[in-house]
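In the UniProt record's numbering, the protein residues as written are 1 to 395.
Notes for the one structure printed next.
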């Protein structure tokens with residue numbers, strides 16, 4: 001038996017060595033994944049260092065937009081937890097307004113459906129949509145994107161090293177997905193308290209908030225917590241009333257909002273300025289746009305609450321600016337409408353209980369967010385000087 005064990009051990013070590021040489025990781029476990037389940041990779045897109053480097057470069061590159069002005073990272077801003085804190089709804093090329101808020105892509109690998117309406121089912125599939133959407137990156141076709149990358153010399157050899165073949169749509173999708181699959185963040189105060197049994201990891205207010213989350217406030221009904229891990233989503237779609245009413249100014253509207261001029265430099269701007277500068281939001285009926293099932297009108301995907309303190313504004317339309325306003329919204333039972341989820345009823349929380357819930361949600365911030373942000377900025381970032389002359393002139 002000992003000989004069998006030795007043989008098995010040799011095979012395992014040999015396989016690990018080969019994987020290390022090739023840069024392949026089939027069972028990703030980043031150092032800060034305490035509290036998260038295993039990442040299951042697609043068989044046709046195992047993670048390698050070359051794919052991640054390429055995907056990060058593509059993610060940060062403004063040349064992937066039609067007029068060289070918008071990158072993935074300009075909506076999913078690394079310094080804002082890969083979300084967008086300044087805008088209720090995303091803005092694409094030439095200032096074209098989208099109808100939904102930019103969600104964080106931290107831990108997006110754990111979703112079974114992507115976008116607020118769940119229209120895509122994998123990280124790979126969700127890449128192409130924004131590239132060709134008129135109000136996002138605005139490219140006229142998939143072929144246009146491929147040819148543009150082919151003609152960009154600083155990508156020479158990168159697709160060949162990552163995939164063994166030249167650039168094509170499939171490998172653009174796989175490269176960006178491979179990078180996004182590394183944006184995993186946990187090891188929060190909650191994780192250390194719940195999954196490492198560190199009793200002092202959370203303070204009394206945060207612990208009380210956790211008890212409310214699991215009990216009286218009923219948050220766990222949709223934002224699931226399991227015995228050994230917590231993604232904080234049921235992967236479902238719910239009508240809370242936000243999409244039905246689209247009232248963007250009722251809950252805890254702040255007098256000013258911060259606008260980032262450059263990393264670390266912000267200016268406070270009166271909130272009513274945004275009302276005058278913003279166009280009327282387009283009609284949005286949520287999950288119904290995918291399923292065409294009338295019962296899915298105004299239903300949207302349950303987002304994870306990990307790092308939620310860093311990803312304001314909230315809800316699919318960015319209409320709630322603070323965690324306090326989110327708690328107030330659910331405390332009153334959401335907004336009534338004919339299709340509102342029956343799970344939403346008034347909670348009758350006290351002022352102290354609301355504060356404790358907010359304290360708990362702030363304890364869900366991962367330990368490595370700043371590290372992921374820094375790594376993103378370390379990637380190649382195209383400057384206007386490096387763009388084609390015509391594009392510089394146009395912009």
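Note that beta-carbon positions come from the ideal geometry of N, C-alpha and C, so glycine has one too.
A quick note: this is a predicted structure, and the numbers were derived from the prediction, not measured.
#### Entry: Reduced DSSP secondary structure (H/G/I, E/B, other) of residue 212
Residue mapping note: residue 212 aligns to position 212 of the chain shown, counting from 1. Residue 212 falls in the helix class under three-state DSSP.
### Task
In angstroms with no decimal places, state the Cα-to-Cα distance between residue 192 and residue 199.
As a working mapping, residue 192 is identified with position 192 in the chain shown. As a working mapping, residue 199 is identified with position 199 in the chain shown. Straight-line measurement puts the Cα of residue 199 at about 8 Å from the Cα of residue 192.
### Task
Could you check the C-alpha separation between residue 212 and residue 114 for me, to the nearest Å?
In the chain shown, residue 212 corresponds to position 212, counting from 1. In the chain shown, residue 114 corresponds to position 114, counting from 1. Distance between the alpha carbons of residue 212 and residue 114 is about 29 Å.
### Message
When you measure from the CB of residue 106 to every non-hydrogen atom of the ligand ADP, does any distance come out below 7 Å?
### Response
Judged by which ligands are present, the structure shown has none, so any question about the ligand ADP falls away.
#### Entry: Nearest residue (CA-CA) to residue 150, options 322, 187, 63
Along the chain shown, read from residue 1 onward, the residue named residue 150 stands at position 150. Of the candidates 322, 187, 63, the one whose C-alpha sits nearest the C-alpha of residue 150 is 63.
#### Entry: Distance between residue 145 and residue 153 (C-alpha atoms, nearest Å)
Locating residue 153 in the chain shown gives position 153, where the first residue counts as 1. Locating residue 145 in the chain shown gives position 145, where the first residue counts as 1. In this structure, the CA atom of residue 153 is about 14 Å from the CA atom of residue 145.
#### Entry: Whole-angstrom distance between residue 242 and residue 22, CA atom to CA atom
For the purposes of this step, residue 22 is taken as residue 22 along the chain shown, with counting starting at 1. For the purposes of this step, residue 242 is taken as residue 242 along the chain shown, with counting starting at 1. Annotation note: pLDDT 35 at residue 22 (below 50); position unreliable, coordinate value reported separately. Separation of residue 22 and residue 242 (C-alpha to C-alpha, rounded to the nearest whole angstrom) is 48 Å.
### Message
Tell me the residue span of the alpha helix (DSSP H) that contains residue 325.
### Response
Here residue 325 is taken as the residue at index 325 of the chain shown, counted from 1. 323–331 is the span of the alpha helix (DSSP H), which, as asked, contains residue 325.
### Query
Would the stretch 298–312 and the stretch 99–117 be scored as touching if the rule is three or more Cβ pairs under 8 Å?
The answer is yes - the stretch 99–117 touches the stretch 298–312, with three or more Cβ pairs under 8 Å.
#### Entry: C-alpha distance - residue 298 paired with residue 158, whole-angstrom precision
Position 298 of the chain shown, counting from 1, holds the residue named residue 298. Position 158 of the chain shown, counting from 1, holds the residue named residue 158. Inter-residue distance for residue 298 and residue 158 is about 42 Å (C-alpha atoms, whole angstroms).
### Query
Which residues in the same chain have their Cβ closer than 6 Å to the Cβ of residue 36, if we skip the five residues on either side of it in sequence?
Against the chain shown, residue 36 aligns to sequence position 36. Leaving aside the five residues that flank residue 36 on each side, the residues in its chain whose CB is nearer than 6 Å to its CB run, in chain order, 186, 229.
### Task
From the DSSP output, in three-state form, read off residue 270 for me.
Along the chain shown, read from residue 1 onward, the residue named residue 270 stands at position 270. Three-state result, residue 270: strand.
### Query
For residue 110, which three-state DSSP category applies?
Sequence index remark: in the chain shown, residue 110 carries index 110 (1-based). Under the three-state reduction of DSSP output, residue 110 falls in the helix class.
### Distance between beta carbons of residue 106 and residue 81, contact taken as under 8 Å
Position 81 of the chain shown, counting from 1, holds the residue named residue 81. Position 106 of the chain shown, counting from 1, holds the residue named residue 106. Correct: roughly 6 Å between the Cβ atoms.
### Message
Check for me: the alpha helix (DSSP H) holding residue 92 runs from which residue to which?
### Response
As a first step, residue 92 is located in the chain shown; it is residue number 92 there, counting from the start. Taken as a continuous stretch (DSSP letters only), residue 92 belongs to no alpha helix (DSSP H), as it is neither H nor E.
### Query
Hey, residue 70 and residue 127: beta-carbon distance below 8 Å or not?
One-based indexing of the chain shown puts residue 70 at position 70. One-based indexing of the chain shown puts residue 127 at position 127. No, Cβ-Cβ distance for residue 70 and residue 127 is not below 8 Å.
### Query
Considering residue 243, what are the terminal residues of the alpha helix (DSSP H) in which it resides?
Locating residue 243 in the chain shown gives position 243, counting from the first residue. Element bounds for residue 243: 242–245.
### Query
So which of 347, 238, 220 has the shortest CA-CA distance to residue 231?
As a working note, residue 231 is residue 231 in the chain shown. Minimum Cα distance to residue 231 is reached at 220.
### Query
residue 244: which of 319, 137, 179 sits nearest, CA to CA?
Start at 1 with the first residue of the chain shown, and residue 244 comes out as number 244. For the residues 319, 137, 179, the minimum Cα distance to residue 244 belongs to 319.
### Query
Any idea what DSSP makes of residue 2, helix, strand or coil?
As a working note, residue 2 is residue 2 in the chain shown. With a pLDDT of 39 at residue 2, under the threshold of 50, the predicted position of this residue should be treated as unreliable, though the coordinate-derived value follows. Three-state result, residue 2: helix.
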